[in-house]
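Beneath this line is the structure, given in structure tokens, with notes to follow.
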Amino acid sequence: GDSCIDQIHPSAIIHPGAKLSEGVRVGPFCVVGPNAVIGPGVTLHSHVVVSGHTTIGADSIVFSHAVIGAEPQDRKFAGETSFLSIGRRCRIFEFAHLSGGTRGGGGLTAVGDGCLIMSHTHIGHDCTLGSDVVLASGSSLAGHVVVGDGATIAGHSCVHQRVSIGVGSFLAGASVLVDDLIPYGLAIGNRASLHSLNLRGIRRSRIPSHEQRALLRTFRYVFQPPTDGFYSALQLPPMRALQDRASASQRDLSNYPHVMGMLSFVLGQRPHPSNRALCRPPAITPATST
């Protein structure tokens, strides 16, 4: 095929220190900084900026006007070395903004393989995204957010700093999530609450059907979500009660790894340290007559 140099538009500015692998394509008016490492087969469409100590994995595509590896938007940032790692086969669309890490968060922002980062999105400093994450248009992650494999953040949603989002979960559009969301959970609203499991995502997954049923039964037992709007006023169960139910369930479900992951999350055993509360179902209010 063509050599690497033949696939770089003459208007692009590539620092001599940048490392470009075989098959990289760089479109018009791109700027690639001295510490960038661009993997094999990566395509940068026009006007892309790659700065900082940024690595982009093989076969990823970055669309026009995306800013990759930008200086962290953090008052505590003092010019320290800042890293961004992007996995293989990611697609990053127009005007996406991905910040590097800070000293206070380990110095690294990390995006896993196969992620879909849509237009006008923001990934803040020190975030960690697993593989196959979807960040829909207009959504934003504050600093230090952790997103598990296969999770979806729908359009125009925001996630508070240091929140953990479990694998396979779904945050509905135009929501604001300030608490940790369980694996396979579905949360909705401004100060989002837990409404159900992400049933569509679970059905599309490779989770065996018998474990899918176990996930739903366990969710109902631990959280006891209401089934209609005719309940009298009901206070949310105390967190201690939720944890007791989760602990009791673990004794009988050790052969169900996805269920055990959800229960461990409820019990505070999360992949990354977190000081956020657990996202829980909404409180029930009495029905009113008019």
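The opening position of the sequence shown corresponds to residue 807 in my numbering, with each subsequent residue numbered one higher.
Glycine included, every Cβ here is placed at the ideal spot set by N, Cα and C.
ask   = Between I994 and the rest of its own chain, which residues show a CB-CB distance below 7 Å, the 5 nearest in sequence each way excluded?
value = A978, S981 and H1001
key: Distance between beta carbons of N1004 and G974, contact taken as under 8 Å   = 6 Å
ask   = Sorted by chain position, which residues of the same chain lie with C-beta nearer than 6 Å to F883's C-beta, five sequence neighbours on each side aside?
value = T908
ask   = Buried or exposed: P989, going by 16 or more other Cβ atoms within 10 Å of its Cβ?
value = buried
task = Quickly, what does DSSP pair D986 with across the bridge? List them, please.
result = L1084
query = Is I971 near G954, with beta carbons less than 8 Å apart?
reply = yes
request  = Using the Cα positions of I867 and H1078, report the straight-line distance between them to the nearest angstrom.
outcome  = 29 Å
message = To the nearest angstrom, how far is the alpha carbon of F899 from that of N841?
response = 22 Å
ask   = Is R1012 buried or exposed, if buried means 16 or more other CB atoms sit within 10 Å of its CB?
value = exposed
query = Hey, how far is the Cα of P1044 from the Cα of Q1056?
reply = 19 Å
query = Looking only at DSSP bridge pairs, what is I971 linked to?
reply = V953 and L987
task = Report the three-state DSSP secondary structure of G944 (helix, strand or coil).
result = coil
key: Reduced DSSP category for G823 - H, G, I as helix; E, B as strand; rest coil   = coil
inquiry  = Taking the straight line between their C-alpha atoms, what separation do you get for T915 and V940?
reply    = 16 Å
request  = Could you check how far apart the C-beta atoms of S1053 and D986 are, in whole angstroms? I think they sit under 8 Å.
outcome  = 18 Å between Cβ atoms; not a contact.
ask   = Helix, strand or coil: how does DSSP classify I1013 here?
value = coil
key: Contact set for I814: own chain, Cβ-Cβ below 6 Å, skip 5 residues either direction   = V832
task = Output the boundary residues of the beta strand (DSSP E) element that contains F889.
result = F889 to I892
ask   = Do you know whose CA, among G893, S888, F901 and C896, lies nearest G912's CA?
value = S888
key: Closest by C-alpha distance to P1087, when choosing among S999, I862 and V1065   = S999
key: Beta bridge counterpart(s) of H903 as assigned by DSSP   = V873 and H928
query = What's the call for Q1075, buried or exposed, on a 16-neighbour Cβ count within 10 Å?
reply = exposed
ask   = Where L1084 and P816 are concerned, what is the direct C-alpha to C-alpha distance, given to the nearest angstrom?
value = 52 Å
message = Using the three-state DSSP reduction, which class does F1071 fall into: helix, strand or coil?
response = helix
query = Would the beta-carbon of G839 fall within 8 Å of that of S827?
reply = no
inquiry  = Alpha carbons only, please: which of G961, D938, L992 and D932 is nearest the one belonging to Q967?
reply    = D932
task = Work out the CA separation of F1029 and S925 for me, nearest whole Å.
result = 35 Å
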